[in-house]
Amino acid sequence: MDSKAIYYMIYSDFSVFKLVIDQIRSSVDIENPPKNKFHVVVIPRVTYLFEKELEEYGLFHTCVKLHSYQWLPIHIDTGILSLEIPFCFRSLFINQDLNYLPMFSKCLWQLLLVVGKVDFILALGQYSNGILSQLDTLWEESGYSDKLDSDIGGLILMDRSLDYTSTLLTPGIYSALLKEVYKVNAGYCESKHEDCPPVDSKFNPNIKINPVVINLNSEQDQIYASIKNKYFTEVTSVLSSLTKELKKEKLNSKEMSVDEIKKYVQTQLGATNSRKKNIANHLIAAETIVNVLGWRFENLSEIELNIINNASKSSNLEFLMELMCIENNELVSLRLFCLLLVTQELSENEINQFWGKFLHHFGYKYGYVLQNLTNAGMISDSRTTINKFGNIKIPKFSSKQFYSVANRLKQIPSHKIDYQHPTCPSYVFRGAYIPLITQISSMVLNSMPLEEIKSKLEDIGSLIIRNERGYPLQKRTLLVFVIGGVTYAEIGALNFIEDLTGVKVIVLSDQIISGNDLMENFLELAK
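So this is what it looks like as structure tokens:
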């Protein structure tokens, strides 16, 4: 490596790349540029647009050298792997840009080289099918794993677009709520103190986000391990019990002899201080979650339950209209609107009424969002209508037959949930809904006949099932790959299946997301 060379490492974001090139151009003599002084490492890969931009400025193969780099999945927590690539959902599902699809197949190929070739594969969705096809090509060109006995019994791939509901519902477990309130990157949550005005632009009070430092890794933080999948109302009682234990330990230490104190300092004090710090961080985070989501959490519980059960549609819409003014948050309003889109059918008048208020409240700069929703499959593009806003054609929204699928797969429980001792994975959504990926995993792990699995899934999306004498699963370990981001609520539901059946489920995705992350993708203008 040249010590005088300058290196940039960026994601495959063209707007960021342009900033880098502008900075390079401002620091070199364009007429006589230095040879290969600047190196731009692009994650996960260089695209044609990057090369074209350099050629236009005469920098390609002279001053600037491009490199593609794709890292292996990052170990986030026990049974969780993530590529931590933030733009995959927007690229694939909104922009329909397939440039980054090979990243998924290469990631899977590299992983299967380590754990061994899997004998049972289920791929649901067009992108999952495409990844499987590219994986076949990689196997043909680059070979299979030398490992004869695979560590993985089965592989499930699923497109994010087939279950938007699991991203849109408000979760009920601690890890998912932590992600709702704080920014979490690569399993690490660090929120620093920020000064913000007491009120927002609509004179609604701004809720203070208290600073915390939390590593969402069960091996590094035993406190997090004990509460991550607990229903939120149970978390505070667990933390309270742990705090009492610390106080008791402190009182006992006062009665120790000198030798006992020495031993305590050498063997337990460090762990105790670390535990004390972790408990304090989780208490602060829990308090912030209550402050930020308190009103919304309680009220949305009833509204979302009505939506999932296809009840009280007019009341749900009325609440949505009120929410815009009360919260003054485009992410929250759009999220509930999207939940209605993928569940309850909306009339043109209802759509026009909401969208007019949304644009008036948050700005007409968001006029393109409807097209983003259409591209992502939340809106049917089969019919258009001219609405009251002039000659703007708005696609007619239609139900995605959510209820027929959910009832067929038994995703909507009819019984009440005991949050303290849950017996159903729907507890992650307060008993309202079981994530699709959880139900598919349960069918495979319970050795449901393949013909029955096909009949239940084939009208949801493009389905490929490959069984090379690997079904029922020979190894009770399942690799689940969600294309377009996975939520902590879905992971919590899969963890519940693990605890219930004694199997091992490994979750892999491009990023761990929340519903707000998804909304930011829809609200972001294509660059």
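So my numbering is basically just the index in the sequence shown, starting at one, shifted up by 173.
Idealized CB from N, CA, C, for every residue including glycine.
Problem set entry | Distance between residue 421 and residue 335 (C-alpha atoms, nearest Å) | Each residue's Cα considered, the two are about 50 angstroms apart.
Problem set entry | Any C-beta of chain C under 8 angstroms from that of residue 475 | Among the chains in the structure shown there is no chain C, since it carries only a single protein chain.
Exercise. Which first and last residues belong to the beta strand (DSSP E) in which residue 211 is found?
Worked result: 211-216
For this session: On a CA-only basis, which of 267, 694, 412, 686 is nearest residue 356? Give me that one, please.
Result: Of the candidates 267, 694, 412, 686, the one whose C-alpha sits nearest the C-alpha of residue 356 is 686.
For this session: For residue 627, I'd like the list of residues in its chain whose CB is within less than 7 angstroms of its CB, leaving aside the five on either flank, ordered along the chain.
Result: 636, 638
For this session: Could you pull the start and end residues of the beta strand (DSSP E) that residue 643 belongs to?
Result: It is not in any beta strand (DSSP E) - residue 643 carries neither H nor E in the DSSP assignment.
Exercise. In chain order, which continuous runs of the beta strand (DSSP E) of length 3 or greater are located wholly inside the region 323-394?
Worked result: 327-332, 361-364, 385-388
Problem set entry | Where residue 547 falls: helix, strand or coil (DSSP) | helix
Problem set entry | Sequence-distant residues of the same chain with beta carbon closer than 8 angstroms to residue 291, five excluded per side | 285, 323, 325, 326, 327, 328, 643, 652
Exercise. Which runs of the beta strand (DSSP E) spanning at least 3 residues fall entirely within the region 252-319, listed in chain order?
Worked result: 253-255, 293-297
Exercise. To the nearest angstrom, how far is it from the Cα of residue 539 to the Cα of residue 691?
Worked result: 15 angstroms
Problem set entry | Heavy atom of the ligand ZN within 7 angstroms of residue 575 beta-carbon | Among the components of this structure there are no ligands whatsoever, and the ligand ZN is therefore not found.
Exercise. When the distance is taken between beta carbons, is residue 656 closer than 8 angstroms to residue 342?
Worked result: no
Exercise. Which residues bound the alpha helix (DSSP H) around residue 533?
Worked result: 521-535
Exercise. Three-state secondary structure (DSSP) at residue 191?
Worked result: helix
For this session: Would you mind stating whether residue 529 and residue 332 have Cβ atoms separated by less than 8 angstroms?
Result: no
Exercise. Which class does residue 583 belong to by DSSP, given the choice of helix, strand or coil?
Worked result: Looking at residue 583 - three-state DSSP - the assignment turns out to be coil, as it is neither helix nor strand.
For this session: Assign residue 557 to one of three DSSP states: helix, strand, or coil.
Result: Residue placement at residue 557 is flagged as unreliable, the pLDDT there being 44, under the threshold of 50; the coordinate-derived value follows with that caveat. Strand.
Problem set entry | residue 496: first and last residue of the uninterrupted alpha helix (DSSP H) it sits in | 486-500
For this session: Determine, using beta-carbon pairs with one atom in the region 259-266 and one in the region 189-205, whether at least three such pairs fall under 8 angstroms.
Result: Output reads no: the region 189-205 does not touch the region 259-266.
For this session: Less than 8 angstroms between the CB atoms is what I'm expecting for residue 601 and residue 346, so what's the real figure, rounded?
Result: Correct: roughly 5 angstroms between the Cβ atoms.
Problem set entry | From 320, 321, 306, residue whose alpha carbon lies closest to that of residue 314 | 306
For this session: Might you give, ordered along the chain, the residues of its own chain that have their beta carbon closer than 8 angstroms to the beta carbon of residue 670, omitting 5 neighbours on each side?
Result: 598, 611, 614, 615, 618, 676, 678
For this session: Please determine if the region 460-476 and the region 388-403 are in contact, where contact requires at least 3 C-beta pairs separated by less than 8 angstroms.
Result: Segments in contact, no.
Exercise. Should residue 221 be labelled buried (16 or more other beta-carbon atoms within 10 Å of its own) or exposed?
Worked result: exposed
For this session: Please state whether DSSP places residue 672 in a helix, a strand or coil.
Result: helix
For this session: Entirely within the region 391-418 and at least 4 residues each: give me those alpha helix (DSSP H) ranges in chain order.
Result: 395-400
Problem set entry | Reduced DSSP secondary structure (H/G/I, E/B, other) of residue 463 | Annotated three-state conformation of residue 463 is helix, per DSSP.
Exercise. Going by Cα to Cα distance, which pick from 380, 215, 454, 248 is closest to residue 416?
Worked result: Closest by alpha carbon: 454.
Exercise. Is residue 303 near residue 274, with beta carbons less than 8 angstroms apart?
Worked result: yes
Problem set entry | Counterpart residues of residue 575 in DSSP-defined beta bridges | The secondary-structure analysis by DSSP pairs residue 575 with nothing; it has no beta-bridge partner.
Problem set entry | Straight-line Cα distance separating residue 226 from residue 280 | 28 angstroms
Problem set entry | Beta bridge counterpart(s) of residue 677 as assigned by DSSP | 650
Exercise. How close, in whole Å, do the beta carbons of residue 526 and residue 489 come, if the pair is a contact with beta carbons under 8 angstroms?
Worked result: Distance from residue 526 to residue 489 at the Cβ level is roughly 13 angstroms; contact not present, criterion being Cβ atoms closer than 8 angstroms.
Problem set entry | Exposure label - residue 182; buried when at least 16 CB within 10 Å | exposed
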